[in-house]
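Following: one structure in structure tokens, then a few remarks.
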Amino acid sequence: MKNLIISFVILTVSVLNIYSQEKKENKTSFAIMPIHNSGAGFNNVFLGSHQIKPKTNLTFYSVFWVNPSFGNQGKDLFLETGIGLGYSLANNKLYLNPSLGFGHGKLLSGAAETKIAESIIPSLFMIYNSGRFEFEAYTAYYKSLRGEGNSQDLMLNWVIPGFKINKSLSIGGFYEHLGQTRADSGNTITLYQYLGAYIKTTLNNGVWFRFAAGPNISGDRVNSKEFYKIQAFIPI
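Just so you know, we're using the numbering used here here: the sequence shown kicks off at 307 and counts up by one.
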């Protein structure tokens, strides 16, 4: 009997330890977000967060750009890394995530090879999600810190409003803009300005896929007259 009681106590402690570890694990999250669009090419985004208060998270991210034109024929490719704070507001319907990142490579500095912290990237990400309405917005400023005669600064923005047809399907509008705000050459251009529509499907496990397409309304015509963008969010 004594051995049985001891075994029960050990089992109970083990279960409590597992439960405690699960609760701790629930305070962290990690996701992969592959993105491909016709203007900037392919990139993988890694997103992570750790809860520091009930409605406040410490966030971190990395963006791995693999467009060869952002580096030297596959080398010195542009890399973003950053940290931020995420705030859940309005009964968890609104999420705000200001971040401060740094760019590494040669894209903004115009250098011949990789420069660590060649640029600084303050950004703000916002999501609003109610019963029938969803809205996503993002703005980021890419400021060169270590220019070498051919540097540039960029501004990236997007606004994505939509409606949920049901819990698995939503549709809406899509706008994304990437342009130079400064260039050593003195002549700034709009790299692309997309205006179109999207369709999005959400799975029960939190994974979602979104496809957007439409015209490029930029007058500079650096990219094609039409665009597409496909994006997935995959929590791990």
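Note that beta-carbon positions come from the ideal geometry of N, C-alpha and C, so glycine has one too. Please read these numbers as outputs of a predicted model, since none were measured by experiment.
Could you please give the first and the last residue of the uninterrupted beta strand (DSSP E) stretch that includes residue i?
i, result
"Thr420", "No beta strand (DSSP E) holds Thr420; DSSP gives it neither H nor E."
"Leu364", "362-371"
"Asp459", "458-470"
"Val528", "No beta strand (DSSP E) holds Val528; DSSP gives it neither H nor E."
"Gln499", "496-508"
"Ala396", "Taken as a continuous stretch (DSSP letters only), Ala396 belongs to no beta strand (DSSP E), as it is neither H nor E."
With a threshold of 16 other CB atoms inside 10 Å of the CB of residue i, please say whether the residue is buried or exposed.
i, result
"Val513", "exposed"
"Asn363", "buried"
"Arg527", "exposed"
"Ser436", "exposed"
"Tyr427", "For the sequence presented, residue 427 should be read as Ile rather than Tyr. With 16 or more other Cβ atoms within 10 Å, it is buried."
"Leu497", "buried"
"Lys329", "Annotation note: pLDDT 47 at Lys329 (below 50); position unreliable, no value reported."
Short of 7 Å in beta carbon distance, which residues of its chain neighbour residue i, apart from the five on each side in sequence? Order them along the chain.
i, result
"Ser457", "Leu414, Ser415, Gly416, Ser450, Asp490"
"Gly377", "Leu383, Phe384, Gly411, Lys412"
"Phe370", "Asn349, Asn350, Leu385"
Of the residues the options, which one's Cα is nearest the Cα of residue i?
i, options, result
"Ser425", "Gly468, Thr334, Ser344, Gly453", "Gly453"
"Phe469", "Lys506, Phe366, Lys361", "Lys506"
"Leu353", "Met339, Ile495, Thr508", "Met339"
"Ala423", "Tyr434, Tyr448, Pro404, Met432", "Tyr448"
Counting only the same chain and skipping the five closest in sequence on each side, list residues whose C-beta sits under 6 Å from that of residue i.
i, result
"Thr487", "Asp459, Met461"
"Thr445", "Leu430, Asn463"
"Ile542", "Phe336"
"Ser368", "Phe352, Thr387"
"Lys531", "Asn522"
Looking only at its own chain, which residues have a Cβ that is under 8 Å from the Cβ of residue i, when we skip the five neighbours before and after it?
i, result
"Lys361", "Tyr393, Ser394, Leu395, Asn398"
"Ile523", "Gln499, Tyr500, Leu501"
Can you tell me whether residue i sits near the ligand PLP, meaning its C-beta is under 7 Å from at least one heavy atom of the ligand?
i, result
"Gly468", "Looking at this structure, you won't find the ligand PLP or any other ligand, since it has none at all."
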